[in-house]
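Trainee: Once you've had a glance at the structure underneath, I'll fire off some questions.
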Amino acid sequence: MNLSPYRVAPDSPQIGAILSLIRKSFAFMDGRIDPPSSMHRLTEETVADHAARHEIWALGTPPLAVVFLTVKPGRLYLGKLAVDAGLRGQGLARRLVAQAETRARALGLPVVELETRVELVENHATFTKLGFVQTGETAHPGYDRPTSITMQKTLV
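Just so we're aligned, residue 1 is where the sequence shown starts under the UniProt record's numbering, counting upward by one.
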């Protein structure tokens with residue numbers, strides 16, 4: 001599969017398809033993670049706003065995989081990484097993580113950071129294989145236990 005990542009514009013006709021991909025891709029988390037995923041608060045407007053104020057990168061038209069990127073102090077935050085369920089295991093997530101690394105370097109940021117839910121141990125293993133290490137734990141407001149794990153990859 002020869003797919004090149006492309007940056008999604010805020011007025012892209014793919015915004016609705018991106019939202020649908022995220023919802024389908026994250027559906028397995030319902031009932032598994034607490035609190036529920038923030039993807040439930042996404043709308044076409046908030047996706048377009050992210051594309052306008054930050055970055056969204058995708059593979060394929062319609063999108064087969066997407067990632068949201070946000071510049072934070074000293075790092076590039078990688079969020080909402082979603083891959084079409086029928087195409088998992090084919091390296092699409094790896095391509096988008098590599099794109100995040102490329103963007104971080106271009107922006108002069110030495111670290112790519114992400115958060116994954118405590119319950120999603122398969123995600124921890126995947127990101128570890130991609131060179132990320134756990135750097136912390138956080139709790140969502142109102143929770144007295146860690147709900148997310150912070151992972152970072154330092155770029156060389």
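Beta carbons: idealized from backbone N, C-alpha and C, even for Gly. Here the structure is a predicted model, which means the values were calculated and not measured.
What first and last residue would you give for the alpha helix (DSSP H) that runs through Arg-95?
Mentor: One-based indexing of the sequence shown puts residue 95 at position 95. Counting along the chain, the alpha helix (DSSP H) containing Arg-95 begins and ends at 92–106.
Trainee: Leaving aside the five residues before and after Lys-153 along the sequence, list all residues of the same chain whose C-beta is less than 6 Å from its C-beta, in chain order.
Mentor: Your numbering for residue 153 matches position 153 in the sequence shown. Same-chain partners within the cutoff: Val-112, Gly-131, Phe-132.
Trainee: Look up Gly-136 in the DSSP assignment and say whether it is helix, strand or coil.
Mentor: Position 136 of the sequence shown holds residue 136. If DSSP states are grouped into helix, strand and coil, Gly-136 belongs with the strands.
Trainee: I want to know whether the segment 135–150 touches the segment 96–106 - three or more CB-CB distances under 8 Å.
Mentor: The segment 135–150 is not in contact with the segment 96–106.
Trainee: What beta strand (DSSP E) runs, 3 residues minimum, are completely inside the segment 31–74?
Mentor: Counting only runs of 3 or more, we get 55–59, 65–72.
Trainee: From what residue to what residue does the alpha helix (DSSP H) around Val-121 run?
Mentor: Taking the first residue of the sequence shown as 1, we reach residue 121 at position 121. That run of the alpha helix (DSSP H) goes 121–129.
Trainee: Just to confirm, are Arg-57 and Val-67 a CB contact at a threshold of 7 Å?
Mentor: Against the sequence shown, residue 57 aligns to sequence position 57. Against the sequence shown, residue 67 aligns to sequence position 67. It is Trp, not Arg, that sits at residue 57 in the sequence shown. Going by C-beta atoms, Trp-57 is nearer than 7 Å to Val-67.
Trainee: Buried or exposed, going by whether 16 or more other CB atoms sit within 10 Å of the CB of Thr-147?
Mentor: Taking the first residue of the sequence shown as position 1, residue 147 is located at position 147. Under this definition Thr-147 is a buried residue.
Trainee: Would you mind sorting Val-121 into buried or exposed? The rule is 16 or more other CB atoms within 10 Å of its CB.
Mentor: The sequence position of residue 121 within the sequence shown is 121, counting from 1. Val-121 is exposed by the Cβ-count criterion.
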